[in-house]
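Below is one structure, written out as structure tokens, with a few remarks after it.
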Amino acid sequence: MSSSCVEFLNVSKSFQDKTVIKNVSVQLPLDATTALVGESGSGKSTLLRLINGLVVPDSGQVLLAGRPIDYKSLPDLRRTMGFAVQGAGLFPHLTVRENITLVASLEGWSNRKIIERYSELFDLLALSEEFSDRYPHMLSGGQQQRVSLCRAMMLDPPLMLLDEPFSALDPITRRNIQDEFVTLQRIEKRSVILVTHDMGEARKLAEFLVIIRDGEVVQEGAVSEVELNPVDEYVSRLFDQEGAN
Amino acid sequence: MNWFVFPLLMILGLFSAVAEAEKQTVVVASKNFNESYLLSEMLSQMLEAEGYEVERKYGLGGTLVCYEALRNGEVDLYPEYSGTLGRAILKVSDASPSTERLNQLLDESPLEVLDSFGFNNTYAIALKDSLAKRLKLERVSQLSEQTELRVAFGLEFLNREDGWPGLSALYGLTQNPTGIEHGLAYQAIDDGKIDITDAYSTDGDLLRYKLTTLIDDRQYFPQYIGMPFVRKELPQEVKAVVNQLAGKIDDQLMRDLNASVVIDGKSFAEVASQFLVESKITTRDVAHNTGGKGLIDLIPESLLENTLVHLKLTSIALALGCLVGFPLGILVFRSATLSRVVVYVAGLMQTVPSIALLALMIPLFGIGQVPAVIALFLYSLLPILRNTITALLTIDPLLKSIAEAIGLTRYQQLRHVLVPMAAPTILAGVKTAAVISIGTATLAAFIGAGGLGEPIVTGLALNSTELILQGAIPAALLAIFVELLFEGLEKLLVKPHMLQNQLVN
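These protein sequence lines are chains V and C, in that order. When we follow the working numbering, the leftmost residue of the first sequence carries the number -6, and every step to the right adds one. When we follow the working numbering, the leftmost residue of the second sequence carries the number 145, and every step to the right adds one.
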């Protein structure tokens, strides 16, 4: 019925007196990776959090697969969206295995199904089985971020929301995980929305771009299209800064 | 007719035995000083000699506690003093109200006084014999020239209108007295830490510590005639038994009887029994029921019982504190305003001095273990509540939003993320509450709840360091034991890496 995974319809949001999202209307394509790119403070993270209901719009609507979000059943809705953030955000009191399988076991998955999916993800993200019973603080930053991606993908959600998941990593680790992510996307095709300030990362991982400045969408389209025809100075500057970090 | 008279007599005998068994239990209380214990013990033994069951609630913490307990019907009688009744309870201005006057004033109340014992135990100002000789002090009025003397009074005397405030005004005394627990004052005067304190004129300790009392040359102190303060509803027969003590004890005798306890180290039971037999009030030597042992000797045997009562009081209070504090903390932590209100109210409880909180409990819950547990519960609430709220509030907001974003319901967020992460700090709050409770529970003896405070309270009444330590040392050991217990619990329940960033209370 809809070819978009997420659609924003005249969405606005203010925190205290500051308007962070200004009347945004944009469609994000299904089964593709879309990068929300903008400088820090542009509102791209807020846009992402509007999708899983962590932020509720003041006006306008967020549609998921053509239907408005039902704010009364958010936990169910969120289990259809993987979520990973900068710094991994693993729960320190749970082991790696518990972090990844928590929601699956609450969903009532059988042990066998849990173990199968868990092993599959561990292989995909090149994690060693010996990490399973360790606590997050015993892992390196890269390992933690891999675990965090496993957690996001455990329920095999059709939609993934990623908020700068790779930006706290050292360049080599970052490149490795990015490569793994690209491979993953080829195997398990799904809709991904990636927030980043790094155009290089966006070009590497995403097919579509949404450029955001001061809470407004400046330009949207396929990556190559946007690169060839930047609408203004801000957009071309984002491409120029590529590789700066 | 002989053949049926005998069984009839047996049946009648049985009836009278039943009637005998149904004789009511009389609850006899005392205040927490030597003379009050002794008088109460005399009354108890007299009642027992007449076949009554007696429940002893000795060592209650002060006039207010005794009076409220009597008014509430928790207690049937206790020895009171005319001056105290008049000024502190009935709030009348007569210096020395008579028994008739007191009963007139008590007309509307369910209480009355019976005939006085005969002695007048009034306040006196006491100092060392040697110091009195050196400064040639004999009269209270001379004190106005001795401004450099160190003065410390029992808190009751210091604050009662008929105590220091009135005395200093009448005699123009300018010393600035400090407050001291009355039981400790003599020790302090003996150690040379203070020069002057208040005393009771029939106090046996005056002899032990070689103290002189000053003459009240302007007749400031009202009379404190000792008399039984009872509930009107008591059967006439009980009152008649109590009245057997009327007029039997004068000042000198009272001081000697007191001295037998505090100086000769005899038990209250022993002294009371000996007196009752010698003055032919009773014939049986009731003290032998306790094997003739002194109270001090009896205490170690009751150490286990006291410890168990102490543990019972604190653990029930702590369990209630957890049952209320923990859910309440979870309920309010998301609202900054509510959290603040709740913590302030719980904090307010904490600022009420323990003995005052215990006294405030009496009109609501009477005396004994129930009000003690409730008071201890109120004290344990703050550390548990505050730590629960703080722990939940200080969890990394990112982790909180992730717990939401991965699709956990509110309950699941609490169950799987928030509470486990807050556990170390919450546990620390429970530990603090436990240690506070164990300390505070020693005061519960003041309202007749028993526990390790009992030897302490009795020890204070008898000026017996030995007795005080018999309560204080186990209480301290118990506190250490609980501390260790919680450390063990922490090791068992909390992963070591979660302890590092724990908030220390």
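We put the CB at the ideal spot given by N, CA and C, even for glycine. Everything numeric in this text was worked out from a predicted model, so none of it was measured.
Is residue i close to chain C? Criterion is C-beta to C-beta, closer than 7 Å.
i	result
G82 of chain V	yes
E227 of chain V	Sequence check: residue 227 of chain V is Tyr here, not Glu. It does not; no Cβ of chain C falls within 7 Å.
F8 of chain V	no
F174 of chain V	no
R71 of chain V	yes
Roughly how many angstroms lie between the CA atoms of residue i and residue j, to the nearest whole one?
i	j	result
M371 of chain C	H326 of chain C	22 Å
I165 of chain V	R206 of chain V	29 Å
S180 of chain C	S411 of chain C	13 Å
C(-2) of chain V	F76 of chain V	15 Å
E627 of chain C	I499 of chain C	24 Å
E100 of chain V	Q9 of chain V	36 Å
L47 of chain V	S141 of chain V	18 Å
L457 of chain C	D116 of chain V	57 Å
I612 of chain C	I600 of chain C	4 Å
A732 of chain C	V563 of chain C	What the structure shows of chain C is the stretch from 145 to 649, and residue 732 of chain C is not part of that stretch, so it cannot be assessed.
Y353 of chain C	R304 of chain C	25 Å
S7 of chain V	M192 of chain V	27 Å
Y227 of chain V	E194 of chain V	18 Å
F590 of chain C	Y225 of chain C	19 Å
L636 of chain C	L629 of chain C	11 Å
A616 of chain C	T609 of chain C	10 Å
V219 of chain V	V49 of chain V	29 Å
S545 of chain C	G465 of chain C	30 Å
V385 of chain C	L475 of chain C	58 Å
Once the 5 residues before and after residue i are set aside, which same chain residues still bring their CB inside 6 Å of it?
i	result
D441 of chain C	Any reading at D441 of chain C must be qualified, since the residue scores a pLDDT of 47, below 50, and its modelled position is unreliable; no value is offered.
I533 of chain C	G473, F477, S483
G722 of chain C	The first residue shown for chain C is 145 and the last is 649, placing residue 722 of chain C beyond what the model contains.
R196 of chain V	V216
E218 of chain C	G510, I511
A547 of chain C	Q557, V561
R139 of chain V	L118, L120
So, for residue i: in the same chain, excluding its five sequence neighbours on each side, which residues have a beta-carbon less than 7 Å away from its beta-carbon?
i	result
L529 of chain C	G469, L472, G473, V486, V487, A490
A239 of chain C	P366
S135 of chain V	Looking at the sequence itself, residue 135 of chain V is Gly, so the reference to Ser does not match. So the qualifying residues of the chain are L162, T166, I170.
A593 of chain C	L457, G512, Q513, A516
A605 of chain C	N176, F177, N178, Y181, G203, G327
Q79 of chain V	D156, E157, P158, S160, A161
Using a Cβ cut-off of 7 Å, pull out every chain C residue sitting near residue i, in sequence order please.
i	result
S45 of chain V	The displayed chain sequence assigns Asn, not Ser, to residue 45 of chain V. Within chain C, the residues near N45 of chain V are A549.
L99 of chain V	Q556
L95 of chain V	H560
Beta-carbon within less than 8 Å of residue i's beta-carbon, same chain only, minus the 5 sequence neighbours each way: which residues are those?
i	result
Q388 of chain C	M190, I425
V19 of chain V	E0, F1, V203, V210, E213
I359 of chain C	E282, R283, V284
Q178 of chain V	T26, V185, L198
D24 of chain V	C(-2), K182, R183, S184
L287 of chain C	I269, L281, L293, Y315, L317, Q319, I340, L358
Run through chain C and tell me which residues come within less than 8 Å of residue i, C-beta to C-beta.
i	result
C130 of chain V	The sequence shown places His at residue 130 of chain V, rather than the Cys named in the question. Residues of chain C passing the Cβ test: H641.
R144 of chain V	I550
F76 of chain V	I546, A549, I550
For residue i, would you say it is in contact with chain V, using Cβ-to-Cβ distances shorter than 7 Å as the test?
i	result
T534 of chain C	no
S545 of chain C	yes
T228 of chain C	no
A553 of chain C	According to the sequence as given, residue 553 of chain C is Thr; it is not Ala. Chain V contact via Cβ: present.
P568 of chain C	no
P564 of chain C	yes
T434 of chain C	Unreliable positioning characterises T434 of chain C in this predicted model, as indicated by a pLDDT of 46, which lies under 50. A coordinate reading is not provided.
E634 of chain C	no
In chain V, what lies closer than 7 Å to residue i by C-beta?
i	result
V561 of chain C	F84
Under 8 Å Cβ-Cβ, which residues of chain V neighbour residue i?
i	result
L542 of chain C	V78, G80, G82
Task: Residues of the segment 602 to 619 of chain C with Cβ closer than 8 Å to any Cβ of chain D, in chain order - done: No chain D is part of this structure, whose protein chains are labelled V and C.
Open item on the list: Against chain C, which members of the segment 57 to 71 of chain V pass a CB distance test of less than 9 Å?
Closed with: Residues L67, P68, D69, L70, R71.
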